[in-house]
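Protein chains in written order, with the working numbering: chain A, 1 to 126; chain B, 1001 to 1494; chain C, 2001 to 2446.
In what follows, a single structure is set out as structure tokens and then discussed.
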Amino acid sequence: MSVPEEYPADLRYTAEHEWFRPEDGRVGITAHAQHALGDVVYVELPAAGARLTAGKPFGSVESVKSVSDLYAPVDGVVLEVNPDLAGAPELVNHEPYGGGWMIRVQAEALPDGLLTAAEYRRLVEA
Amino acid sequence: MPVPDAPEPLVFELSEPGRTGLRLPAIDVPDAVAPAACLPAAALRREPPALPEVGELDVVRHYTRLSRLNHAIDTGMYPLGSCTMKYNPKINDALAALQGFAGLHPYTPGSLAQGALRLLWDLEQALCALTGMAAFSLQPAAGAHGELAGMLIAAQYHRLRGDTARRRVVVPTAAHGTNPASAAMAGFEVVEIPSDADGVDLDALRAQADGSLAALMLTNPSTVGLFEGRAAETARIVHAAGGLLYYDGANLNAIVGRARPADMGFDICHLNLHKTFSTPHGMGGPGAGPVGVTERLAGHLPGPSVRRFDRPGEPAARFAWEAAGPGSIGRMRALFGNFLVLVRAYAYIRTHGGAGLRDVSGHAVLNANYLMELLRPSLPPAFDRRCMHEFIADGRALRPLGLRALDLCKALLDRGFHAPTMYFPLVVEEALMFEPTETESRQTIEALAAAVADILAEAARDADAVRAAPERTPVGRVDEATAARRPVLRHTSG
Amino acid sequence: MERRGAEAEGRQLGEGCGYLPHTARDEAAMLEKIGVPSIDALFAQIPDEVRLAAPPEIGPGLDEQSLARLLQAMAAANSGAGLVCFAGGGYYDRYLPAAQQSLLSRGEFLTAYTPYQPEVSQGTLQVTFEFQTMIAELTGLPVATAGLYDGSTALAEAAAMARAATGRPRVAFAPGLHPEWVEVLSTYGGDGGMVPLHEVGDGRDIAAVIVQQPDHFGRVCDLGRVLRERPAGSIAIAAVDPATLGVLEAPGALGAEIVVGEGQSVGLPLGYGGPYLGFMAAADVLLRRLPGRICGRTLDAAGRRAFVLTLQAREQHIRRAKATSNVCTNEALCALAVTIYLGLLGPVGLRRLGELCLARAHYAADRLTSIPGVALAYPDDPFFAEFALRVGDAPGVIDALAARGYLVGPAIDAGSLLVAVTEKRDRADIDGLADALREVVTGAGA
């Protein structure tokens, strides 16, 4: 599965392969992560209004044979949950940075530890 | 395997209104009361359930044809590591079906069930002799059920000693998933520590070995098929910290009759009667998972249990149910255990005796090592040393051929063998775990190794053909992603 | 597999037994290939201090005939199995059709493993899908699992689901829940986790309410009303006898959100307590909290309909400590037995079964309560095919009736016991029981 832009520059990344878009507060998992997981079958997400703590699990993503925790990239409050994922979890595989977004967060501040696209790329390719 | 031309319909699709398979007796009592006359109207059924309306011949043909879509021990080998798929002796099934066993109501007074009580008592004694434990409960219905009982016993033991800090259970990352799941169900916090070919990482264990350690769960041989070289030191560390040592009996087939978990320092264990003791797997159950303990923990076992009374002047011993004491964890289930499964295990033990069971482990280990050597040119072992009753072959050896472990497994299905265990334990990449068991002949084992070599040779000529396997089974590879994304979990008529 | 040569060239059958196929020649060839002198040498890894010098003392091995003689004697010593059975308490003497028994003995069902390789397990998987469909139909809820150990543990799992789904710690139960099932709920749920329904107070810490129908005393209630009256935000759990569901309303249609029960009464032998079968069905919203295996429908690579274990990410082999439950091995063969039984009966047969047992049970209650000193324990409550009888000295009556060839029970307390009537007990059996009880109670032979 090839995704055109593997490391979009406008995003920030975690070492656990989540991305965060400061412009609109959306969060998802990276192309690298969805490839490692295989076919995503279900995403477990918190409800709008839930508080997130950076570095702590906020949900999980399931493939047929595995499940991985999702780690919050930022502190904040969940504003919106992607309504399309329940019926079409494959969006995470096909459009990890687009239609496969998971939650939209009102972030309190950008934590120091977030990686730039270049830094994340170096981590993954190491 | 015979591949049908068309899929077998669902039994609902064979339905014809008005057909029925079983004729019931007519109502023969005078002034027969009807449900509407005595039950609250609101409790009565308005719409009949959509069960199929089929005749007896429909049922017999349908399920006979379905049975022929299955691989089974009775049709071919199952070299599944950690499952111990040995032959299920038919005499054991015949004996379990005796009316005196199958027709016995669980609330029959003990005086009228002396045969059953004697069997349960004898079985408990035999399991104690085989494991070195002081007492067993035969209640648990499966290994995981026995593990949960064992974890509840550990919790009870610490609580009754007034030690309320013991909230943690440690499990190797290579452990079977039921181990951490059972510990979590019993209310413990679970910590997984690394393990390798020689056993658990002792430094990681020492870091956990403090006043909050309730228990360590282990299996020996380990899930990588090797005897835990550090077992004695592991036991010392755990006991010195005041914790208990739990034995997962899934791999007992490697050492039955030759070594006993209690002698290795284990305090609690469960056994899988559907593995080591040959009771049939029945497509996934029923099994039985008796839980055993050393003397100091015996008061915590689930109850009731069977007691034996020998009275001078009475020719035969008498047996009776004895209620659990105040330290018991309580019932793990409503009744005594999967009794008809226990009958089969008992018959198996009596067939072999002590020497026979020693031969079982001897041949199990012989067969595994022989298979390992035969496979070596095709699939090197992940750990290059003598194995016990099972071993892990390194599926990464398939990569140059463009295959994954999964592809080899599917290709074996086409050749009449069930696949080995794939991708377990999690600590070995592309793991293929083989356990031939002692009931497979040399010829069958050689045929399996030849089949693997044949698959690799085919892959060298045409890897696509191997990746398309299986093609000689009733269905090919199934779409598991759609099954999970858009679950259809029942048939809907009309 | 190829047939082997004469026994003469191999192992003497005597000490060992026929399940270990190697001849002396096989052993020698295998040891040579491995490169060890003997089988014992393969156990060098076992430390000396742990290695047993001699096999454990559990008696000699037995040939098949001797084994059969031993077990037959044990079975014969269970004289209770020869009594005319009117015992109940959650487990019933059901007629098991010959067609069902024949199908269950097929080795392709009996000796197959869990269907982890679906391509060679479609028999198992399709049966499971049919079972799930039947349970969903009987219970009136959309999704059912492949089954659990028994009714009591299925109920314990349902309670755990409710706690996880609501975040509330306690579970309430209506009176009449089988006493042993209450014990199991306490074992699983911990101290203080269970509370009788009339003690719930404002109910804000109640995760679920459990109602059994028919209850331990055979009584039938207005299940819909009882469930509607539960504390707000709690989950409605019904524990039912599937043999009644041709006559009684599906609990899902009455508001139950989880339905569990014991499958023994629809196609399993009494077997002195097991193996039995727990079943569970639930509302859609609880799908991902369900414990144990679930089978789903899909297609294979060639577009053929196929069945496969699905939603496995709930289970222990994937989620480990965070699994919905630790369940692995279940009661699959028992689920097959139930599926075949219900297929043979059909909806009409299941209804007739209920009507037959109910009619005979009410006749039995009339005959038995016409005996002086014998009365219904709950005369104002409707019952299905089982009832509680006040008899004076319940344990004494049970023993005395057994001596006369009839099994009743279990005792409920010192003075009362249960009597259940199934399709296997005809009018003559019931009249015989009445005569025997009359003798016992009026002292003519106590």
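Where a beta carbon is used, it is the ideal one built from N, C-alpha and C, also for glycine.
Treat the numbers as computed from the prediction; the structure is a model and nothing was measured.
Burial state of residue i, where buried means 16 or more other Cβ atoms lie within 10 Å
i         : result
C/Ala2164 : exposed
B/Leu1123 : buried
C/Pro2118 : buried
B/Ser1182 : buried
A/Arg51   : exposed
B/Arg1118 : buried
C/Glu2007 : Low per-residue confidence applies at C/Glu2007: pLDDT is 37, beneath 50, and the placement is therefore not dependable, though the value from the model is reported in the following sentence. Looking at its Cβ environment, which holds fewer than 16 other Cβ atoms inside 10 Å, C/Glu2007 is exposed.
C/Thr2442 : exposed
B/Val1003 : exposed
C/His2216 : buried
B/Gln1099 : exposed
B/Asp1359 : buried
C/Ser2066 : exposed
A/Met1    : Since pLDDT at A/Met1 reaches only 44, below the 50 mark, its modelled position is unreliable, and the value read off the structure follows with that caveat. Exposed, by the Cβ-count rule.
A/Gly49   : exposed
7 Å Cβ cutoff met for residue i and residue j
i         : j         : result
C/Gln2212 : C/Ala2239 : yes
C/Arg2351 : C/Gly2246 : yes
B/Thr1178 : C/Asn2326 : yes
B/Pro1487 : C/Thr2298 : no
B/Val1171 : B/Glu1189 : no
B/Arg1333 : C/Thr2153 : yes
A/Tyr13   : A/Leu115  : yes
B/Ala1397 : B/Pro1377 : no
C/Glu2130 : B/Gly1330 : no
B/Ala1347 : B/Thr1279 : no
C/Glu2423 : B/Leu1024 : yes
B/His1281 : C/Leu2020 : no
Close Cβ partners of residue i (< 6 Å) along its chain, the five nearest in sequence each way excluded
i         : result
B/Val1291 : Ser1137, Pro1140, Gly1146, Ala1149, Gly1150, His1270
B/Val1011 : Pro1052, His1062
B/Leu1340 : Ala1096
B/Ser1195 : Pro1172, Ala1174
B/Ala1215 : Ala1154, Val1169, Gly1243, Leu1244, Tyr1246
A/Val3    : Confidence at A/Val3 is low in this model, with a pLDDT of 49, below 50, so the placement of that residue is unreliable and no value is reported for it.
Candidates the options, of which the one nearest residue i by Cα
i         : options                                    : result
A/Val74   : A/Glu16, A/Phe20, A/Val92                  : A/Phe20
C/Gly2303 : B/Asn1092, B/Thr1439, B/Ile1073, B/Arg1477 : B/Arg1477
B/Tyr1247 : B/Asn1272, B/Asn1220, B/Val1238            : B/Asn1220
A/Val43   : A/Pro57, A/Arg51, A/Gly49, A/Thr53         : A/Pro57
B/Ala1484 : C/Arg2228, C/Ala2313, C/Ala2029            : C/Ala2313
B/Asp1028 : C/Arg2390, C/His2362, C/Leu2389, C/Val2391 : C/His2362
C/Ala2087 : C/Val2440, C/Ile2412, C/Leu2353            : C/Ile2412
C/Ser2079 : B/Gly1110, B/Leu1371, B/Lys1090            : B/Gly1110
C/Leu2277 : C/Leu2148, C/Ala2306, C/Ile2039, C/Arg2390 : C/Leu2148
C/Ile2039 : B/Met1264, B/Asp1263, B/Ala1254            : B/Ala1254
B/Pro1007 : C/Leu2358, C/Pro2347, C/Ala2434, C/Gln2122 : C/Gln2122
C/Val2391 : C/Phe2383, C/Ala2377, C/Pro2382, C/Asp2381 : C/Ala2377
C/Asp2426 : C/Cys2357, C/Arg2319, C/Trp2181            : C/Cys2357
B/Gly1018 : C/Gly2432, C/Glu2027, C/Gly2349, C/Ile2046 : C/Gly2349
Cβ shell of residue i (< 7 Å), same chain only, five flanking positions each side left out
i         : result
C/Asp2429 : Val2084
B/Pro1286 : Ala1141, Asn1338, Val1341
Near the ligand FMN: residue i beta-carbon under 6 Å from a heavy atom
i         : result
C/Leu2345 : In terms of ligand content, the structure shown is empty, and the ligand FMN therefore cannot be addressed.
Contact set for residue i: own chain, Cβ-Cβ below 8 Å, skip 5 residues either direction
i         : result
B/Asp1454 : Arg1415
B/Ala1323 : Gly1303, Pro1304
B/Glu1056 : Gly1021, Leu1022
Beta carbon proximity, residue i to chain E, threshold 7 Å
i         : result
B/Cys1128 : In the structure shown, chain E does not exist; the protein chains are A, B and C.
Under 8 Å: do the region 1459 to 1469 of chain B and the region 1418 to 1430 of chain B share three or more Cβ pairs, one atom per stretch? no
At a cut of 8 Å, does the region 1431 to 1440 of chain B reach the region 1076 to 1083 of chain B through at least three beta carbon pairs? Contact holds: three or more Cβ-Cβ distances are below 8 Å.
Taking contact to mean 3 or more Cβ pairs, one atom from each stretch, closer than 8 Å, check whether the region 2273 to 2291 of chain C and the region 1443 to 1462 of chain B are in contact. no
Do the region 2131 to 2148 of chain C and the region 1304 to 1321 of chain B meet, that is, are 3 or more Cβ pairs less than 8 Å apart? no
Evaluate the contact criterion for the region 80 to 88 of chain A versus the region 100 to 119 of chain A: three or more CB pairs, one atom per stretch, below 8 Å. With three or more CB-CB distances shorter than 8 Å, the region 80 to 88 of chain A counts as touching the region 100 to 119 of chain A.
Do the region 2040 to 2058 of chain C and the region 1467 to 1476 of chain B touch if we need at least three Cβ pairs shorter than 8 Å? no
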